[in-house]
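Engineer: Take this structure first; my questions come after.
Protein chains in written order, with our numbering: chain A, 230 to 812; chain B, 87 to 376.
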């Protein structure tokens, strides 16, 4: 056998020679890497093809007349009271139990007095900026020219060009806010528009041997079918997706047609300032979100909130969803390494997420696709082969106002029923279910149960909370239009798929709850842990005990790869409604 | 910068995103009969008529029999369409039990009712790719036949060659009295016959962060060097990643060799593209396939 292998290797190298146009006796082709590999050794590779890890190019000052959008994150004078209120929101016996707050109520209770909000608005308006205020008083949106913003904040906006050809701006200097407004302004966010939010999806566009997870197969494997059969299809329910790109309308129509879905509501699109005006590289992500939700909850009204992809891009998106007050489920498949976000930015986004939590919104967020090493794709030097491989988690999945969704590798039986699942990890490629310990966020009191307290626990937020199918090898069937390839279809995975899977499943649970006289389930993170603690293992969750995320092993109870596990949707819905009705 | 969401590579040759060809009719149109027939042809016609009568009889029998059970989700094919929805007017909620055009609505589950156990089924798991089983040592794995060809195999060993990349994957196994360290040492000995100037690849980008095979943790390493032709002439850069694990019964090694590893394939290097494809082998590795 080894001799045969030798022949194969010889053929391999000859093939290489053929590809390279050199003869069999030609000396070495190119320079081999010699460790440790430095930029010199890899420079030929990097320069031969645009590398997304390469350093951005400085273009110079942002044109003075260019329109710039940012947000003023406001102080919440009632923050301590807010934290207590949120903690009680899902605690039976608490004064605030199940007393969800509309955006108006949140603003009035915890936000600045309106007179203070107006002071900030007047300051912005005096500089010629236009402003957007929302009732929850968490932040103010502002728009103006670069010249106006530079003058107001004492900064210089400077343009950069990423190696992928995207122009963005960053502030040079720290934004300056009048001392008189220090009691009102928490921080200024959104001035750095580098598109760091990345979709957590892995896309196999073609050449896959099977058609992927179709709606019927998902419903069968995860026991959604009994709800469907009872007519629970999402009718009359609203769900919002966070998008930093947009989609091609005809793709969803084609998906519906191919999957036999008819009569589903048209998706609504809300484009925020700086949001996409045409599908870009993230179009596949948006289509993935829409189609996974459409397949599970075809009657639901989906609204795609499409914002500007930037470090603090979540602020205006969440602010708008909460202010609109319709969706009680948000699905978010975008994020970035926690270390990549400033503490101020995360604090500003968490204020928005807190308002969502107070409104009873369940916010499902993908936990990332780089296993326990979420910063692995972040460049830390000019050498693209040098990466941060210290353990890390994704933001906003690490927020305690969010339900973090990890990933699994699903195997189904030939009759479509569930067979087995493993924590998603790819030892050679490095992908896998995001999970681990936050560096900054404290573990919420509701994150309790078997497996939660473990040898690695350190008091910080533990990610993920739950999991869904994410390995591209067992990915969802998705159809979308790629800007460069046209319409393609195939299996798509990533925790980007798992997040909308959970979002849609819990939307059906909410609809089912309403049919049972429970008007609102509220934020489901705490509820899921309570249900898991009350039910025997395997009753409502598939407890994933194989696989892991390259650092942590999946195991009985909660674990860092798959959280509480994946849902048996109908039994879980029954248990959730019984729990909430009994409290 | 991450590489997610970046432009996807164009499909390699042989890949297609087109839908499968439409189904063809089961019956081909019959040939026009000649005006005069020879005796031999008359016999043939007689036999044909006989077969036709038998066929019609068979069809009638089949029609009178109950239809065979149809699996709800045939493997590797789209499932039956999910029920159509009645139009939702003005976004107003519809009654939960709105009749649907297909099938009869089921009853709503009862909250707090005893939770049924996971549905049991004797249906075998889907095997999406090509299954390779080594009966001598009792293990198996799947590989994608549209990406890799099985170019050599024997007891305890298989060699897969990439169709679109200059790559080979070796899957070797032996009894567990060979340690994983010894297995790695042996594999590197073979690697060194074709890869000169082999050195550890210390790029964090290429690091193996959690080596395992079939969810059994092991050890591994990554190396770089120069691939040589049969006569020992250096021809191209090469990258090697290898993992070895043992379950106490057998010890297995998976070796991935890639030519021009740092060439770009979309947002990743060629080495990472191959390694990701090879992960399917690791994920489907069944240590006890007997």
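By construction, the Cβ of each residue, glycine as well, lies at the ideal position given by its N, Cα and C atoms. The structure presented is a predicted model; accordingly, all values stated were derived computationally and were not measured.
Hey, quick one: how far does the beta strand (DSSP E) through residue 256(B) stretch, first residue to last?
Structural biologist: That run of the beta strand (DSSP E) goes 253-261.
Engineer: Residues of the segment 634-655 of chain A with a CB closer than 8 Å to any CB of chain B: list them in chain order, please.
Structural biologist: So the close ones are 638, 640, 641, 642, 643, 644, 645, 646, 647, 648, 649, 651, 654, 655.
Engineer: For residue 769(A) and residue 650(A), which I take to be in contact (beta-carbon distance under 8 Å), what is that distance rounded to the nearest angstrom?
Structural biologist: In fact, because the Cβ distance is near 15 Å, the residues do not count as touching under 8 Å.
Engineer: Taking the continuous beta strand (DSSP E) assigned at residue 328(A), which residues delimit it?
Structural biologist: Where residue 328(A) is concerned, there is no enclosing beta strand (DSSP E), given that its DSSP letter is neither H nor E.
Engineer: Say whether the segment 234-242 of chain B touches the segment 301-315 of chain B, bearing in mind that this needs 3 or more beta-carbon pairs closer than 8 Å, one atom from each stretch.
Structural biologist: Too few Cβ pairs lie closer than 8 Å, so no.
Engineer: Based on the DSSP secondary-structure assignment, which residues constitute the bridge partners of residue 715(A)?
Structural biologist: Its beta-bridge partners are 711(A).
Engineer: For residue 334(A), which residues of its own chain have a beta-carbon under 6 Å away from its beta-carbon, when the five flanking residues on both sides are left out?
Structural biologist: There are no such residues.
Engineer: With DSSP as the reference, identify every bridge partner of residue 239(B), one or two as the case may be.
Structural biologist: Residue 239(B) is bridged to 244(B).
Engineer: Leaving aside the five residues before and after residue 326(B) along the sequence, list all residues of the same chain whose C-beta is less than 6 Å from its C-beta, in chain order.
Structural biologist: Here the set comprises 277, 309, 343.
Engineer: Using the beta-carbon count (16 or more within 10 Å), is residue 686(A) buried or exposed?
Structural biologist: Residue 686(A) comes out exposed.
Engineer: Short of 6 Å in beta carbon distance, which residues of its chain neighbour residue 368(B), apart from the five on each side in sequence? Order them along the chain.
Structural biologist: Result list for residue 368(B): 299, in chain order.
Engineer: Give me the chain B residues within the contact set of residue 806(A), using Cβ-Cβ distance strictly less than 8 Å, ordered along the chain.
Structural biologist: In chain order: 197, 198.
Engineer: Could you compute how far the alpha carbon of residue 718(A) sits from the alpha carbon of residue 334(B)?
Structural biologist: Distance between the alpha carbons of residue 718(A) and residue 334(B) is about 42 Å.
Engineer: Could you say if the segment 575-594 of chain A and the segment 636-645 of chain A meet the contact criterion of at least three C-beta pairs nearer than 8 Å?
Structural biologist: Because the criterion of three Cβ pairs below 8 Å is not met, the segment 575-594 of chain A and the segment 636-645 of chain A do not touch.
Engineer: Between residue 489(A) and residue 743(A), what straight-line distance do the alpha-carbon atoms span, to the nearest angstrom?
Structural biologist: Going from the Cα of residue 489(A) to the Cα of residue 743(A) covers about 27 Å.
Engineer: Would you say residue 366(B) lies against chain A (beta-carbon separation less than 8 Å)?
Structural biologist: Yes, its Cβ sits closer than 8 Å to a Cβ of chain A.
Engineer: Could you pull the start and end residues of the beta strand (DSSP E) that residue 227(B) belongs to?
Structural biologist: 225-229 is the span of the beta strand (DSSP E), which, as asked, contains residue 227(B).
Engineer: Can you list, in chain order, the residues of its chain whose CB lies under 6 Å from that of residue 373(B), leaving out five sequence neighbours each side?
Structural biologist: These residues qualify, in order along the chain: 225, 300, 333.
Engineer: Among residues of its own chain, excluding the 5 on either side of residue 213(B), which ones have a beta-carbon nearer than 7 Å to its beta-carbon?
Structural biologist: Cβ neighbours of residue 213(B) beyond the five flanking positions: 228.
Engineer: Could you tell me if residue 506(A) is buried or exposed, where buried requires 16 or more neighbouring beta carbons within 10 angstroms of its beta carbon?
Structural biologist: It is exposed - the Cβ of residue 506(A) has fewer than 16 other Cβ atoms within 10 Å.
Engineer: If the cut is a Cβ gap below 8 Å, which residues of chain B does residue 618(A) touch?
Structural biologist: Chain B residues near residue 618(A): 290, 293, 295.
Engineer: I'd like to know if the segment 568-582 of chain A and the segment 364-372 of chain A are in contact, where contact means that at least 3 CB-CB pairs between them fall below 8 Å.
Structural biologist: Segments in contact, yes.
Engineer: Where in the segment 285-343 of chain A do unbroken runs of the alpha helix (DSSP H), each at least 4 residues long, occur, reported from the N-terminal end onward?
Structural biologist: Runs of the alpha helix (DSSP H) inside the segment 285-343 of chain A: 308-318, 332-339.
Engineer: In the DSSP output, what is residue 535(A) paired with across the bridge?
Structural biologist: In the DSSP output, where bridge partners are listed per residue, residue 535(A) has 472(A), 500(A).
Engineer: Using the C-alpha atoms, what's the distance from residue 388(A) back to residue 566(A)?
Structural biologist: Computed Cα separation, rounded: 23 Å.
Engineer: So, for residue 291(A): in the same chain, excluding its five sequence neighbours on each side, which residues have a beta-carbon less than 6 Å away from its beta-carbon?
Structural biologist: For residue 291(A), where only same-chain residues beyond five positions count, the Cβ hits under 6 Å are 375, 386, 388, 398.
Engineer: Can you find a CB in chain A that lies within less than 8 Å of the CB of residue 362(B)?
Structural biologist: Output row for residue 362(B): interface = yes.
Engineer: Residue 307(A) to residue 330(B), Cα distance in whole Å?
Structural biologist: Going by the C-alpha atoms only, they are around 56 Å apart.
Engineer: For residue 396(A), write down the residues that DSSP places opposite it in a beta bridge.
Structural biologist: Beta-bridge pairing links residue 396(A) to 390(A).
Engineer: Can you list the residues of chain A that residue 327(B) reaches, using a CB-CB cut of under 7 Å?
Structural biologist: Chain A residues near residue 327(B): 657.
Engineer: In the DSSP output, which residue or residues are listed as bridge partners for residue 372(B)?
Structural biologist: For residue 372(B), which the question treats as bridged, DSSP gives the partners 226(B).
Engineer: Indicate whether at least one CB of chain A lies closer than 8 Å to the CB of residue 268(B).
Structural biologist: Not an interface residue.
Engineer: Are at least three pairs of beta-carbons, each pair with one atom in the segment 463-474 of chain A and one in the segment 514-534 of chain A, less than 8 Å apart?
Structural biologist: The answer is yes - the segment 514-534 of chain A touches the segment 463-474 of chain A, with three or more Cβ pairs under 8 Å.
Engineer: Using a Cβ-Cβ distance under 8 Å, would residue 810(A) count as near chain B?
Structural biologist: By this cut-off, residue 810(A) is an interface position.
Engineer: Per DSSP, which one or two residues make a beta bridge with residue 566(A)?
Structural biologist: In the DSSP output, where bridge partners are listed per residue, residue 566(A) has 623(A).
Engineer: Do the CB positions of residue 390(A) and residue 286(A) come within less than 8 Å of each other?
Structural biologist: Yes, Cβ-Cβ distance for residue 390(A) and residue 286(A) is below 8 Å.
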